[in-house]
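> To convert, take the position in the sequence shown, counting from 1, and add 743; that gives my numbering.
First the structure, which I've put down as structure tokens, then a few questions once you've had a look.
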Amino acid sequence: MSILDSAPAGSVRDLGRAEAGRARIGWAASYMPVLKQIHDRFELEKPLAGIRIGACLHVTTETANLMLALQAGGAEIALCASNPLSTQDDVAAALCEYGIATYAIKGEDNDTYYSHIESVIATKPQISMDDGCDLVTSIYTKHREQLAGMIGGCEETTTGIIRLHAMQRDGVLPYPVIAVNNALTKHMFDNRYGTGQSTLDGIIRATNILLAGRTLVVVGYGWCGRGVASRAKGHGANVIVTEIDPRKALEAAMDGFQVMSMAEAAKIGDIFVTVTGNYHVIREEHYKLMKDGAIVCNSGHFNDELDLDSIRAMAIRKLEPREFVEQYELQDGRMICILADGRLVNLAAAEGHPAAVMDMSFANQALATSYLVKQHKSLDKRVYDVPLEIDEEVARLKLASMGVDIDILTPEQVKYIASWSEGT
Ligand SMILES: NC(=O)c1ccc[n+]([C@@H]2O[C@H](COP(=O)([O-])OP(=O)(O)OC[C@H]3O[C@@H](n4cnc5c(N)ncnc54)[C@H](O)[C@@H]3O)[C@@H](O)[C@H]2O)c1
């Protein structure tokens, strides 16, 4: 089998891996009961009949289950990777066999990455499904002739939503987009528990280090940062948080973490994890202060959270002792390790979020897509939150799958919380 095996239905590393991919997709499905129910409903009702969807998502087992649910709903789908390192090649192969045109190869270079986005756009999608906004920006900047045929889009992650809001502010958002990340059933679980667990999984798989007793610096105490900090504490690490938002810094301090500036933390950290969605939050002035052996990684969307050019310029030598570990030797003999080329460590060095959280994220994606199909004529070119009914339905279905019952308001309680006249 050749290294790059192209099929009419996409571009993947090796179609021969499809069987392994199918088995792993099935395993993930068993932890995605909410998406399974939506899949079965879609199969009966075909809410996406004939709709072309272009998706740019991490090509993982969980994404595969979303693609299969959309396909069951009647959609025609083309999929490419939203990160050059996050593709699971066996899954990409299996998806091609399932009839989903998949353009994704783990480790693809930048040109291939963008050519795969172009391949998806060439299928003339009516709905874009992004994780980081690359499809929307590519369609807007390079394929305006296709905008007339677009119904809308969905966006998976915080960074993508920040970019979409910037487009809306500049008056160039080309169609309505639903901010899936803003659903509580997405970010409260996916960003916090998913990123928390899988980021540590990525660090451990890449390095096999013991976290207990080490000092781990979490840069950014948003949804992802809270998850990474709490999971690292659970492993026995001494957790330090750095922030720029005084409210989040206060929260971290009251959650029991040490909070300090990056200039201070840089001197004492053993492991650094950035989850800010911001630019160059670790840079030359910080590398200069770090201890010998410091491990630096990123779990935010883009690899520019770390200033990689400066560490490369500072280094006299680079070693690659393990997959996903680059050790830079500096003039004074200190070694600093960068994991996974500064890309999302949980997706590059591990498998991304566990299926049980992606169940909710992708249930939101599937239901938001069918909402777009039904409602797009009444929507403006704006960023919309996931409708509350969808968010609550996803939570209800998840609780039911876990066998958890909750209370319902009594008629008196309904009246009480709706009134202003009751007092002391
Ligand atoms: N690894 C994954 O699988 C995964 C999953 C979900 C989201 N993400 C990405 O992770 C990033 C963070 O997402 P989130 O939902 O936690 O966002 P968030 O907005 O909730 O949190 C980001 C935090 O970073 C802080 N911050 C910004 N600049 C900083 C700086 N220079 N130093 C310290 N703190 C700084 C902000 O004040 C904020 O509290 C985004 O890029 C998002 O797309 C990754």
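Just so you know, even glycine gets a beta-carbon here, dropped at the ideal spot from N, CA and C.
Remember, it's a predicted structure, so these values are computed and weren't measured experimentally.
#1: Applying the criterion that 16 or more other CB atoms from any shown protein chain within 10 Å of the CB defines a buried residue, is residue 1135 buried or exposed?
#2: Please specify which runs of the beta strand (DSSP E), each continuous and at least 3 residues long, are wholly inside the segment 869-929, giving them in chain order.
#3: Using 8 angstroms for Cβ pairs, my map puts residue 813 next to residue 838. What's the rounded Cβ distance?
#4: Could you tell me the boundaries of the alpha helix (DSSP H) in which residue 1011 lies?
#5: Below 8 angstroms on the Cβ atoms is my contact criterion, and I expect residue 1082 with residue 1038 to pass it. Report the Cβ-Cβ distance as a whole number of Å.
#6: Residue 1144 by DSSP, collapsed to three states: which one?
#7: So residue 759 is in the alpha helix (DSSP H); what residue range does that whole segment cover?
#8: Going by the beta-carbon positions, is the gap between residue 825 and residue 757 smaller than 9 angstroms?
#9: Entirely within the segment 787-871 and at least 3 residues each: give me those beta strand (DSSP E) ranges in chain order.
#10: If we cut at 9 angstroms on Cβ distances, does residue 1093 have a partner in chain C?
#11: Taking 8 angstroms as the cut-off, does the CB of residue 1053 come closer than this to any heavy atom belonging to ligand 1?
#12: Evaluate contact between the segment 1065-1078 and the segment 1098-1117, counting only Cβ atoms and requiring at least three cross-stretch pairs below 8 angstroms.
#13: Compute the beta-carbon to beta-carbon distance between residue 1014 and residue 957, rounded to the nearest angstrom, for a pair I have assumed lies under 8 angstroms.
#14: Where does residue 1071 fall in DSSP's three states?
#15: Just checking my contact of residue 985 with residue 1004 at CB under 8 angstroms: how many whole Å lie between their CB atoms?
#16: What do you get for residue 960, buried or exposed, if any count of 16 or more other CB atoms within 10 angstroms of its CB means buried?
#17: Using only the heavy atoms of ligand 1, determine whether one of them is closer than 8 angstroms to the beta carbon of residue 987.
#18: Kindly list the residues whose CB is nearer than 8 angstroms to the CB of residue 1160, restricted to its own chain and excluding five residues on each side of it in sequence; keep chain order.
#19: Quick check: does the Cβ of residue 1045 come within less than 8 angstroms of any heavy atom belonging to ligand 1?
#20: So, does the segment 764-784 touch the segment 856-866, judging by three or more C-beta pairs under 8 angstroms?
#21: Any chance you could list the alpha helix (DSSP H) runs of at least 4 consecutive residues sitting entirely within the segment 1023-1051, in chain order?
#22: Could you tell me the distance, in whole angstroms, from the CA atom of residue 828 to the CA atom of residue 1009?
#23: Three-state secondary structure (DSSP) at residue 955?
#24: With distances taken Cα to Cα, identify the nearest neighbour of residue 779 among 808, 924, 1104.
#25: Under 8 angstroms: does the beta carbon of residue 1107 sit that close to some heavy atom of ligand 1?
#26: On the CB-based measure, 16 or more other CB atoms within 10 Å of its CB, does residue 871 come out buried or exposed?
#27: Going by alpha carbons, who is nearest to residue 1051 out of 776, 852, 893, 1086?
#28: Is residue 930 near ligand 1, judged by its Cβ being under 8 angstroms from some heavy atom?
#29: When the distance is taken between beta carbons, is residue 1042 closer than 9 angstroms to residue 1089?
#30: Rounded to whole angstroms, what's the CA-CA distance from residue 1168 to residue 787? Just pull it up for me.
#31: Look at the alpha carbon of residue 841 and the alpha carbon of residue 797, and state the distance between them as a whole number of angstroms.
#32: Mind checking whether residue 737 and residue 835 have CB atoms under 9 angstroms apart?
#33: Any chance you could list the beta strand (DSSP E) runs of at least 3 consecutive residues sitting entirely within the segment 1113-1159, in chain order?
#34: DSSP beta-bridge partners for residue 1058?
#35: Please work out which residues of its chain come closer than 7 angstroms, Cβ to Cβ, to residue 867, disregarding the five sequence neighbours upstream and downstream, and give them in chain order.
#36: May I ask you to verify whether the segment 1117-1136 touches the segment 907-926, counting CB pairs closer than 8 angstroms and requiring at least 3?
If we stick to the structure as given:
#1: exposed
#2: 870-873, 895-898, 920-922
#3: No, residue 813 and residue 838 are not in contact; Cβ-Cβ is about 12 angstroms, not under 8 angstroms.
#4: 1005-1011
#5: 7 angstroms
#6: helix
#7: Unbroken run through residue 759: none, as it is neither H nor E.
#8: no
#9: 795-800, 819-824, 844-846
#10: You won't find chain C in this structure, because it holds only one protein chain.
#11: no
#12: no
#13: 6 angstroms
#14: strand
#15: 6 angstroms
#16: buried
#17: yes
#18: 1152
#19: yes
#20: no
#21: 1027-1030
#22: 27 angstroms
#23: coil
#24: 808
#25: no
#26: buried
#27: 1086
#28: yes
#29: yes
#30: Given that the chain is displayed from residue 744 to residue 1167, the structure contains no residue 1168 and the question cannot be resolved.
#31: 16 angstroms
#32: Residue 737 lies beyond the range of the chain shown here (744 to 1167); nothing can be said about it.
#33: 1126-1128
#34: 1073
#35: 795, 889, 892
#36: yes
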